[in-house]
Structure formats: C-alpha cells, structure tokens
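Chemist:
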Amino acid sequence: MMRPGWSKAWYREGAALSLLKKYREAAAAFEKALKLDPASDEIKKALREAKEYIRKAAPSGEQNP
C-alpha cells in the first residue's frame, strides 16, 4: 500500500503512469506529489512534461482518457 503523505510515492506513480502514456492520470499524481513537496524541481519538471504530452495529444486524439 502506498503512503498517501509521501511525495516520492506519488511521483513514482506519476512516472509509471507516464510510461504507460496515461498522461492525465500521471499529471494528477504529480500534482499530489507537488502539494506535498512544493520545492521539488524534479516533480515540477515531470508535471510540466505530462501536461505538454496532454496538450500535444489532445488535437490528434492520442491521449488515453
């Protein structure tokens, strides 16, 4: 079971979801991680990248809902 108050757990979940190309879910996990660790540049970068994939995929319909 994942520790809900541990930012690294949310970050790792987001990273795994990104690898599965589930960018919306990944972004949600990264946002939870960022709330727990707002100073993390690593989490901020991952969130930006997930949002960029969402933005790029939206017009072509490639994004998994």
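Position 36, counted from 1, in the sequence shown is what UniProt numbering calls 36; the numbers after and before it change by one each time, with no gaps.
The beta carbon of each residue, even a glycine, is placed where N, CA and C say it ideally should be.
1. Whose C-beta lies closer than 8 Å to the C-beta of Ile54 among residues of the same chain, with five residues either side of it excluded?
2. Using alpha carbons as the reference points, say which of Leu17, Leu34 and Glu49 lies closest to Lys8.
3. On the DSSP letters alone, give me the boundaries of the alpha helix (DSSP H) that Gly5 sits inside.
Modeler: According to the structure data:
1. The sequence position of residue 54 within the sequence shown is 54, counting from 1. Tyr23, Arg24, Ala27 and Gln63, listed in sequence order.
2. For the purposes of this step, residue 8 is identified with residue 8 of the sequence shown, where counting begins at 1. Minimum Cα distance to Lys8 is reached at Leu34.
3. The residue labelled residue 5 in the question sits at position 5 within the sequence shown. Counting along the chain, Gly5 falls outside any alpha helix (DSSP H), and DSSP gives it neither H nor E.
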